[in-house]
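Peer 1:
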Amino acid sequence: MKWIQKEITLKARPRGIHLVTSEILASLSELATIRTGLLHLFIKHTSASLTINENADPSVRADMERHMRVLAPDDAPYYTHDTEGPDDMTAHLKASLLGNNLTIPVSGGHLNLGTWQGIYLGEHREDGGNRRVVATLWGES
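Position 135, counted from 1, in the sequence shown is what numbering that gives the first Met the number 0 calls 134; the numbers after and before it change by one each time, with no gaps.
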């Protein structure tokens, strides 16, 4: 079994749901050496998230962001955690709803995602900055 772990820095993005599959893959040249295995991704932030969803139609990402703003609206009068601004508590809620990690099967040196699946970054802050993701790849060569 082979183990590889590295930290990937995703470029800063505006608030929203963003397709980051190609950015993740560009940082994982070692993926091609794994015949059968798993890729685990963990985002090191409490105000951003990772999820898998449709990668073909950008309206999916826009609709997801609009719905997240309904589920956790900024500046709700009942939030007390607002030290970093009106999107502070809502970012934590959205990150908890979508999650901080993914595990994806690897087959024949490629992510074994469905035809329309891609890796999304949920950027839940107006100015979140670069985001760090720990990628742990393990499997048989």
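The C-beta atom is built at its ideal place from N, Cα and C for all residues, glycine as well.
Since the structure is predicted, the reported quantities are computational estimates derived from the model, not experimental observations.
Near W137, which residues of its chain fall below 7 angstroms by C-beta distance, leaving aside the five closest residues on each side in sequence?
Peer 2: Within the sequence shown, the letter at position 138 stands for residue 137. Cβ neighbours of W137 beyond the five flanking positions: M0, K1, W2, G36, L37.
Peer 1: Please work out which residues of its chain come closer than 7 angstroms, Cβ to Cβ, to Y78, disregarding the five sequence neighbours upstream and downstream, and give them in chain order.
Peer 2: One-based indexing of the sequence shown puts residue 78 at position 79. Cβ within range, chain order: M88.
Peer 1: Which residue marks the beginning of the alpha helix (DSSP H) containing A94, and which one marks its end?
Peer 2: The residue you call residue 94 lines up with position 95 of the sequence shown. Looking at the DSSP string, the run of the alpha helix (DSSP H) that includes A94 is 87-97.
Peer 1: For the beta strand (DSSP E) that contains T35, what are its first and last residues?
Peer 2: Taking the first residue of the sequence shown as position 1, residue 35 is located at position 36. Unbroken beta strand (DSSP E) run through T35: 35-42.
Peer 1: Starting from R131, follow the beta strand (DSSP E) in both directions and report where the run begins and ends.
Peer 2: Reading the sequence shown from its first residue, position 132 is the one you call residue 131. Its beta strand (DSSP E) spans residues 130-139.
Peer 1: Tell me the residue span of the alpha helix (DSSP H) that contains H66.
Peer 2: Here residue 66 refers to the residue found at position 67 of the sequence shown. That run of the alpha helix (DSSP H) goes 57-70.
Peer 1: Quick one: using the 10 Å Cβ neighbour count with 16 as the cut-off for buried, is H123 buried or exposed?
Peer 2: Residue 123 sits at position 124 when you count from the first residue of the sequence shown. Flag for H123 reads buried.
Peer 1: Any Cβ of chain D within less than 9 angstroms of the Cβ of S28?
Peer 2: Given the protein chain composition of this structure (a single chain), no chain D is represented.
Peer 1: Using alpha carbons as the reference points, say which of G108, T135, K93, S48 lies closest to T102.
Peer 2: If you number the sequence shown from 1, residue 102 lands on position 103. The shortest C-alpha separation from T102 is found at T135.
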